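One structure is given below, encoded as structure tokens.
Residue numbers (the numbering used here), protein chains in the order written: chain A, 1386 to 1589; chain B, 6 to 126.
Shown next as structure tokens:
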């Protein structure tokens, strides 16, 4: 009888301890996140890089079209040369949203570095001469708008081993805005984010 | 004499009201003791038609401080314009030196702003 009680008590104690040790899930306050920094890239880094790029682009005047018109912007290749699995859209989408809001740019989804981002612009045109569709509602030839500008870039990572055993990781967000007509880069920007931490921490 | 005093008082009241829509505020008292805002300039850029804001300040502290700021923009009707610049942005302030915040509005509709400066937690 004593053994049964002992086993039950130790079982309950273990369960209690286990539940106490389980980390509590918390929702991040994205507007005021004072959480510890990580060696890898997190949303705070992408916010900072995007914010700086947009401010720099708008201040440069590269997006000021005559008569207050908007430029048509195509998103070209933005490569990820870091050791992390990053979808570069995390950076580019924020920039696109802000540029669109500024009223200086409209982004085309019909042309992109890896083909159209939204294939529907072309797919919907395949409905021409399909008797099932009212042809007056099908887009006519020559209505798509070609881009004036292209946004391309690279996210680069550089790891530096420090003398004290710590590790320094530098991230470079490099972007270029090219006028497609001339091939000239009208704006270029670079944001560097550096982190220093334990040499044992892995930054990928 | 009495009439003149009233006119001056009304004038002062009106000028006070004019500053209410756009302003720069140092949030934390410990920060406002260490920095002072010297000059606030704003203009609408003739090329981009976007409003630009430049705030110049000076540090009275003998230590380097990492502060942060955020700007909230409003349209002419007083409606807030959501933008990425609403997030806190780091502001390095070197000891006993000037500092400048130069920002551009996120949209042509932005007419008023509120800029908050605070310490970085």
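Note that CB positions come from ideal geometry on N, CA and C, so glycine has one too.
As the structure is a computational prediction, the values presented were derived from the model and not from experiment.
Contact set between residue i and chain A, taken where Cβ atoms lie within less than 9 Å
| i | result |
| --- | --- |
| residue 113 (chain B) | 1453, 1487, 1488, 1489 |
Where residue i falls: helix, strand or coil (DSSP)
| i | result |
| --- | --- |
| residue 1466 (chain A) | strand |
| residue 1410 (chain A) | coil |
| residue 1452 (chain A) | helix |
| residue 68 (chain B) | coil |
| residue 23 (chain B) | With a pLDDT of 44 at residue 23 (chain B), under the threshold of 50, the predicted position of this residue should be treated as unreliable, and no value is reported. |
| residue 1524 (chain A) | coil |
| residue 1446 (chain A) | coil |
Interface residues of chain B facing residue i [CB-CB closer than 9 Å]
| i | result |
| --- | --- |
| residue 1515 (chain A) | Here the premise fails: no neighbours, minimum Cβ distance about 41 Å. |
| residue 1479 (chain A) | 89 |
Listed by chain order, chain B residues near residue i by CB distance under 7 Å
| i | result |
| --- | --- |
| residue 1595 (chain A) | This structure does not reach residue 1595 (chain A), given that chain A is present from 1386 up to 1589, and the question cannot be answered. |
| residue 1544 (chain A) | Result: empty, since nearest Cβ-Cβ is about 23 Å, beyond 7 Å. |
Chain A contact for residue i (CB, 9 Å cutoff)
| i | result |
| --- | --- |
| residue 94 (chain B) | yes |
| residue 50 (chain B) | yes |
| residue 85 (chain B) | no |
| residue 22 (chain B) | The predicted model places residue 22 (chain B) with a pLDDT of 45, which falls under 50 and marks its position as unreliable, so this point remains unresolved. |
| residue 19 (chain B) | Confidence in residue 19 (chain B) is poor, its pLDDT being 47 and thus under 50, which makes the residue's placement too unreliable to answer from. |
Which listed residue (the options) has its alpha carbon closest to that of residue i
| i | options | result |
| --- | --- | --- |
| residue 1538 (chain A) | A:1576, A:1555, A:1519 | A:1576 |
| residue 1548 (chain A) | A:1583, A:1510, A:1493, A:1426 | A:1583 |
| residue 119 (chain B) | B:66, B:126, B:80 | B:80 |
| residue 88 (chain B) | B:39, B:26, B:113, B:37 | B:113 |
| residue 1462 (chain A) | A:1497, A:1570, A:1435 | A:1497 |
| residue 103 (chain B) | B:52, B:39, B:50 | B:39 |
| residue 97 (chain B) | B:73, B:27, B:59 | B:73 |
Neighbouring residues, chain A, relative to residue i (Cβ below 8 Å)
| i | result |
| --- | --- |
| residue 108 (chain B) | 1440 |
Proximal residues of chain B, C-beta to C-beta of residue i below 8 Å
| i | result |
| --- | --- |
| residue 1419 (chain A) | 126 |
Residue-level contact to chain B via CB, residue i, 9 Å cutoff
| i | result |
| --- | --- |
| residue 1573 (chain A) | no |
| residue 1432 (chain A) | yes |
Residues in the region 1435-1465 of chain A having any Cβ partner in chain B nearer than 7 Å: 1435, 1436, 1439, 1440, 1443, 1444, 1446, 1449, 1453
Chain-ordered residues of the region 52-69 of chain B with a beta carbon less than 8 Å from chain A: 52, 53, 54, 55, 57
Near-chain A residues of the region 114-126 of chain B - C-beta to any C-beta below 7 Å: 126
Residues of the region 1510-1534 of chain A with Cβ closer than 9 Å to any Cβ of chain B, in chain order: none
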